[in-house]
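S.K.:
Residue numbers (our numbering): 293 to 440.
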């Protein structure tokens with residue numbers, strides 16, 4: 293069993309992160325961010341006091357940043373699977389691992405990612421070209437095996 297992370301010890305940083313996407317093992321994202329939320333709202337009773345709460349819909353979002361070369365590889369993989377439309381392809385799974393020597397490995401799993409936005413930019417002086425992708429994890433996000 294891995295040791296518990298100590299205070300004032302090494303903490304997770306970008307070099308601790310491994311990101312893999314199903315069928316796209318050659319892709320190395322430069323950045324990933326994901327979030328989820330559960331709507332909740334207080335229910336009031338007599339005297340204007342909160343009596344309980346009700347819940348609404350769950351939401352999540354996924355954002356990836358890739359080098360243009362990795363985006364081109366992603367497009368090649370999507371086309372090789374017979375897709376003619378980028379947005380029709382569903383990424384089955386993205387796994388994000390956080391691991392350092394001597395510390396416990398944390399694993400986050402995003403499933404059935406549907407992409408809905410692509411952003412491209414090129415400017416004078418750029419050292420690399422980046423593509424930003426936005427989407428939703430239709431199958432949800434598990435953080436260390438825990439559903440939202």
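Where a beta carbon is used, it is the ideal one built from N, C-alpha and C, also for glycine.
What are the boundary residues of the beta strand (DSSP E) that residue 420 is part of?
M.R.: Premise fails: residue 420 is in no beta strand (DSSP E) and is neither H nor E.
S.K.: Thinking C-beta only, is residue 405 closer than 7 Å to residue 429?
M.R.: With contacts defined as CB atoms closer than 7 Å, residue 429 and residue 405 qualify as a contacting pair.
S.K.: Do residue 324 and residue 356 have their CB atoms nearer than 7 Å?
M.R.: yes
S.K.: Check whether the segment 349 to 363 and the segment 389 to 397 touch, using three or more Cβ-Cβ pairs below 8 Å as the test.
M.R.: no
S.K.: Taking DSSP as the reference, what is the three-state secondary structure of residue 314?
M.R.: coil
S.K.: Classify residue 328 as helix, strand or coil using the three-state DSSP reduction.
M.R.: strand
S.K.: Any idea which residues DSSP pairs residue 334 with across the strands?
M.R.: 345
S.K.: Is residue 384 close to chain B, meaning its C-beta is less than 7 Å from at least one C-beta of that chain?
M.R.: Here chain B cannot be found, since the structure has a single protein chain.
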